[in-house]
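Working notes, beginning with the structure itself.
Quick look at the structure:
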């Protein structure tokens, strides 16, 4: 079945045509900080509404009762996105990591935590083969509180420049070039991410943990720190790293089937 599938992320917005789970075409845009400009980009999908009935949308935020109820990294807070996209006959909208989780459920993953580590930190909790949403905010693991903010403020992709005066892409480049300071900074992030995972295990104790997102490009420099922290707490959880830049988009294709 042909569907229009959109992924609105904190950094990029993707508009695609998909059929039977496969991407047929895709357009890539930088996500604007301005709502008017973002809506202009989303309206580009309307050209397909005459020939395709189903539109599935993944957003870097939470959606409930026809409104975006949490969107710290995209300019859609309290906006009725469903109404705006009603050019299509059937519109489904959900959190980006929840959408990505449907990839795992389709592969019979039953109990797991999926973490989207990019501009921010998102999560989806899978229990007995279903995504647990609570009242709409369950799984927003990046917003678990720390004394001076939350985990997203500490180790989310957007925090790198604030902490180290260099963004994640350039920090990785420097590390690949052998810069010892960059390598140490990424190791520190790995140790702190390990602390985060320890907390998740104490809270949920999932059978499996999966992570994906832009920050994973630097995983080679962080995994030792993560492993060290897990061993410190005698935890042997295996972390599966997903290296698929369209992982959210592929899962979002199945959104209207759940």
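Residue numbers (the numbering used here): 109 to 366.
Don't be surprised by glycine CBs; every beta carbon is placed ideally from N, CA and C.
Please read all numbers here as calculations on a predicted model, not as lab measurements.
| query | How would you call residue 311, buried or exposed, if buried means at least 16 neighbouring beta carbons within 10 angstroms? | reply | Its Cβ having fewer than 16 others within 10 Å, residue 311 is exposed.
| request: Answer yes or no: do residue 185 and residue 179 have a C-beta to C-beta separation smaller than 8 Å? | output: Yes, these two residues count as a Cβ contact at 8 Å.
| message | Under 8 Å: do the segment 348-365 and the segment 153-165 share three or more Cβ pairs, one atom per stretch? | response | Three or more beta-carbon pairs separated by less than 8 Å link the segment 348-365 to the segment 153-165, which places the two stretches in contact.
| Whole runs of the beta strand (DSSP E) within the segment 139-178, excluding any shorter than 3 residues | Runs found: 162-167, 170-172, 175-178.
| task | Tell me whether residue 136 sits in a helix, a strand or coil according to DSSP, three-state version. | result | In the three-state reduction of the DSSP assignment, residue 136 falls in the strand class.
| request: Just the C-alpha distance for residue 300 and residue 346, rounded to the nearest angstrom, thanks. | output: Each residue's alpha carbon lies about 17 Å from the other.
| message | Check whether the segment 275-286 and the segment 304-321 touch, using three or more Cβ-Cβ pairs below 8 Å as the test. | response | Taking one beta carbon from each stretch, the segment 275-286 and the segment 304-321 have fewer than 3 pairs nearer than 8 Å; the two do not touch.
| task | Helix, strand or coil for residue 220, going by three-state DSSP, please let me know. | result | In this structure, DSSP gives residue 220 an extended state, which the three-state scheme calls strand.
| query | How is the alpha helix (DSSP H) around residue 354 delimited, first residue to last? | reply | Membership of residue 354 in any alpha helix (DSSP H) is not indicated, and neither H nor E is assigned to it by DSSP.
| In three-state terms, what does DSSP make of residue 341? | Residue 341: coil per DSSP, three-state reduction.
| Cβ-based burial, residue 349 [other Cβ within 10 Å; buried from 16] | Residue 349 is classed as exposed because its beta carbon has fewer than 16 other beta carbons within 10 Å across all chains shown.
| request: Could you spell out where the alpha helix (DSSP H) holding residue 232 opens and where it closes? | output: No alpha helix (DSSP H) holds residue 232; the beta strand (DSSP E) holding it covers 229-235.
| When we look at the beta-carbon of residue 247 and count the other beta-carbons within 10 Å, is it buried (16 or more) or exposed? | It is buried - the Cβ of residue 247 has at least 16 other Cβ atoms within 10 Å.
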